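Working notes for the structure below.
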Amino acid sequence: MDSLSENRNPATTEGEVLELEGFLPYRLNVLATLVSQSLARVYGERFGISIPEWRILATLGQFPEMTAREIGQHSRMHKTTVSRAVSALEKRELVARRPNRQDMREAFLAMTPQGQAIYAEIVPLARSFAQDLTRNIRPEDLAVLDRVLSQLMGCLKNASIDPSDEL
Numbered sequence: 228m229d230s231l232s233e234n235r236n237p238a239t240t241e242g243e244v245l246e247l248e249g250f251l252p253y254r255l256n257v258l259a260t261l262v263s264q265s266l267a268r269v270y271g272e273r274f275g276i277s278i279p280e281w282r283i284l285a286t287l288g289q290f291p292e293m294t295a296r297e298i299g300q301h302s303r304m305h306k307t308t309v310s311r312a313v314s315a316l317e318k319r320e321l322v323a324r325r326p327n328r329q330d331m332r333e334a335f336l337a338m339t340p341q342g343q344a345i346y347a348e349i350v351p352l353a354r355s356f357a358q359d360l361t362r363n364i365r366p367e368d369l370a371v372l373d374r375v376l377s378q379l380m381g382c383l384k385n386a387s388i389d390p391s392d393e394l
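With this note's numbering, the residue at position 14 of the sequence shown is 241, and numbering never jumps.
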């Protein structure tokens with residue numbers, strides 16, 4: 228029994244077995260992890276930025292000022308992950324906070340000029356990474372992939388998932 232296929236659980240019948248390798252949620256998760264970790268090598272080694280830190284910078288690059296809660300909702304990161312990453316970015320003076328005068332319990336976050344400079348260096352690297360990743364995929368297949376991903380996101384949008392849950 229040297230292969231995984233020979234080492235099956237005899238207590239289950241064929242109808243009850245869930246082969247992860249063919250299970251769409253598992254495959255999407257593995258793909259997302261591999262892509263995220265590969266991209267993290269691009270910016271992590273050069274800039275010393277973690278995946279959550281990059282997601283915060285990327286979100287603030289798209290929306291110049293947001294609360295930590297809004298960043299968590301947009302980036303699908305848990306509030307503790309956002310909090311730790313924001314603290315690290317603040318220590319490096321890449322992100323600064325401004326009090327929300329309407330609600331003193333929260334603050335608005337924005338990139339500092341130093342954060343904007345790093346963001347401006349990472350964006351072309353991220354775009355190049357995405358281009359390299361899809362280089363051997365035909366444009367029409369990419370269009371189908373984009374459409375299917377949008378449909379899957381639409382299916383889950385109305386599901387009862389807490390927006391602060393980390394994916």
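Where a beta carbon is used, it is the ideal one built from N, C-alpha and C, also for glycine. Small disclaimer: the values here were computed from a predicted structure and weren't measured.
Assigned exposure category for residue i - 16 Cβ within 10 Å defines buried
i: PRO279; result: buried
i: MET228; result: Low per-residue confidence applies at MET228: pLDDT is 48, beneath 50, and the placement is therefore not dependable, though the value from the model is reported in the following sentence. Answer is exposed; the Cβ neighbour count stays below 16.
i: GLY331; result: Rather than Gly, the amino acid found at residue 331 in this sequence is Met. Answer is exposed; the Cβ neighbour count stays below 16.
i: VAL244; result: exposed
i: ILE276; result: buried
i: ALA312; result: buried
i: TYR253; result: exposed
i: MET304; result: buried
Residue closest to residue i, alpha-carbon to alpha-carbon, out of the options
i: LEU352; options: SER302, ALA267, LEU383; result: ALA267
i: LEU255; options: GLU297, LEU376, LYS384, TYR270; result: LEU376
i: GLY396; options: ARG282, SER355, LEU372; result: There is no way to answer for residue 396, as the model of the chain reaches only from 228 to 394.
i: GLU292; options: ARG325, GLN264, ARG303, LYS318; result: ARG325
i: ALA315; options: GLY342, VAL350, ARG296; result: GLY342
i: THR294; options: ARG374, THR260, PHE335; result: PHE335
Sub-9 Å separation of residue i and residue j beta-carbons
i: LEU284; j: ILE345; result: yes
i: PHE290; j: GLU348; result: no
i: LEU360; j: VAL257; result: no
i: ALA323; j: THR339; result: yes
i: ALA357; j: LEU287; result: no
i: ASN327; j: GLU333; result: yes
Which of helix, strand or coil DSSP assigns to residue i
i: PRO340; result: helix
i: ALA370; result: helix
i: THR294; result: strand
i: PHE250; result: coil
i: ALA334; result: strand
i: HIS301; result: helix
i: THR286; result: helix
i: THR260; result: helix
i: LEU245; result: coil
i: SER277; result: coil
i: GLN329; result: coil
i: ILE364; result: coil
i: ALA267; result: helix
i: MET228; result: A caution first: MET228 carries a pLDDT of 48, below 50, which makes its placement in the model unreliable, though a value can still be read off. Coil, per DSSP.
i: ALA347; result: helix
i: ALA357; result: helix
is_contact[residue i, chain C] using C-beta, thresh 9 Å
i: ALA312; result: The question asks about chain C, but that chain is absent: this structure has only one protein chain.
First through last residue of the alpha helix (DSSP H) which encompasses residue i
i: ALA323; result: Premise fails: ALA323 lies in the beta strand (DSSP E), 322–326, not in any alpha helix (DSSP H).
i: ARG311; result: 306–318
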